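What follows is a single structure, written as structure tokens, with notes after it.
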Amino acid sequence: MATSEKNSEDHLTSPEWLNVAFFENILKQVEAESAKVTNLELKPGTLQNDNYASILYRAKVNYTLQSQPKQEKTSSFILKVKPFVEGVKKEMLGDMHLFQTETLMYTKVLPKIEKVLRQYGDQTILAPKLIASSASPTQTYVMFDDLTLQGYTTVGTRPIDLDEGKIAMLKLAKLHAISYKLNKEEANAVITSLDKGSMNSIDLEKFPFIKHGIRLLKEVLSEHIDLKQFVSHIESVEHLLLPKTLELFNAYSNGKRDGILVVNHGDFHLKNMMIQKVDGKLTDLMLFDYQISIFGSPAIDLHYAFTMMFSPEMRRDHYDELLNFYISNFQQTLRKTEFKGHIPTDIEIRQELKKHKYWQLFLFLTFLKINHALVEEDADLAGIIENPVAQKQSLQNPKLLKELRELLPRFLESGYFELE
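The numbering of the sequence shown is this note's numbering, which starts it at 2 and goes up by one.
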């Protein structure tokens, strides 16, 4: 089952249960009759740096059905498996509810949201089709249709462009809007049970890029005459960043019901999407990887998008355009689905984002290096996440420093370093 493709070591092997018998059981569910696998080929499901929290395989399966033993069929699946190789990644991610959350999203939440959209003639698809899943201790996985067979591709080692960013924000707006509607109209217990996001379900001490991120950034800033002035500004609010972030992520669990509340994707970045083009024209963008979805303020996703989805050019020149696009589609989706309650205004949504400015600042100071690494062919994403030495080296990337020179003054002028 080994593969020779260049990827992380985790991809060079597979768990013992991922075998012919496993796929024959899956095919029996898919085909509604017994199947016999004649050939099984497992390959890495992603390129290096496309995914960190899970191990992805692309499984090509040749098989015959009991009713047609002489006619061979072929299917292709994407299988996401919990890290099983002993090491830093398994230890860091072991306590997170990644697969429980993703299974809930794919089996309960997303189908409910898409059903509401269909009732009003909206055919938007928010995620690939789930084939099977298991959250058992011995077999933890989710399995999907292979979107490449439908012409979808990843963006590869490049930033997304503005058109792609707009479709991503459109789908996010619809996800947010319908979940907002469901909560207001039904007090939906399933979506409000999503309380384990990225920041409130981890031991921060186990994540070096978070634990050491700001300290290392300050060291690098101090080495540049024009940037070291920002060190004191960062230090003035540094003590608030994590507490305010945790307050944001735990708000609903702690009984806060005011403000705008939606289902957040949770990990809304450029590697958690695939694009479809026909004759060179962008026709669709598919979101996936709902492992850390959480019910809470839309600021969770919108601030995350700024740092992790957008390109440097989009952050610099198109942020207002993209935010306006999101807001108008959020509001329009609620109107089209005949929502009778209060539709948040442009001002209210912007106030929601401003209220959680420390989350955006925290992301910018700690995650921006990861955004840059995602589009560097030779970047060591695992090293940047796990190793302080690799982190500091990544902070010396000239493209990253250029962005810091452009955006740190904007954060300062906009009051991000002021105490509340």
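For glycine and all other residues, C-beta sits at the position ideal for the given N, C-alpha and C. Because the structure is a prediction, the values reported are computed rather than measured.
- Under the three-state reduction of DSSP, residue 63 is assigned to strand.
- By the CB criterion at 8 Å, residue 418 and residue 237 fall inside the cutoff.
- For residue 164, the three-state secondary structure derived from DSSP is helix.
- The C-alpha of residue 283 lies about 14 Å from the C-alpha of residue 171.
- Just so you know, the alpha carbons of residue 195 and residue 101 end up roughly 10 Å apart.
- Here DSSP, grouped into helix, strand and coil, assigns residue 215 to helix.
- By the Cβ-count criterion, residue 173 is buried, with 16 or more other Cβ atoms from all chains shown falling within 10 Å of its own Cβ.
- DSSP places residue 156 outside both helix and strand once states are collapsed to three, so it counts as coil.
- Secondary structure note for residue 142: its beta strand (DSSP E) is the uninterrupted segment 141-146.
- DSSP assignment within the stretch 246-314 yields the following whole beta strand (DSSP E) runs of 3 residues or more, N-terminal first: 263-265, 274-279, 282-288 and 295-297.
- Per DSSP, the continuous beta strand (DSSP E) segment holding residue 38 begins and ends at 36-45.
- Note on geometry: alpha-carbon atoms of residue 98 and residue 293 lie some 8 Å from one another.
- Annotation: the continuous alpha helix (DSSP H) that includes residue 21 extends over 21-32.
- Residue 188 is classed as exposed because its beta carbon has fewer than 16 other beta carbons within 10 Å across all chains shown.
- Inter-segment contact for the stretch 66-83 and the stretch 140-151 is present: three or more beta-carbon pairs are separated by less than 8 Å.
- As the crow flies, the alpha-carbon of residue 28 is around 8 Å from that of residue 34.
- Taking every protein chain shown into account, the CB of residue 165 has 16 or more other CB atoms within 10 angstroms, so this residue is buried.
- In this structure, DSSP gives residue 75 an extended state, which the three-state scheme calls strand.
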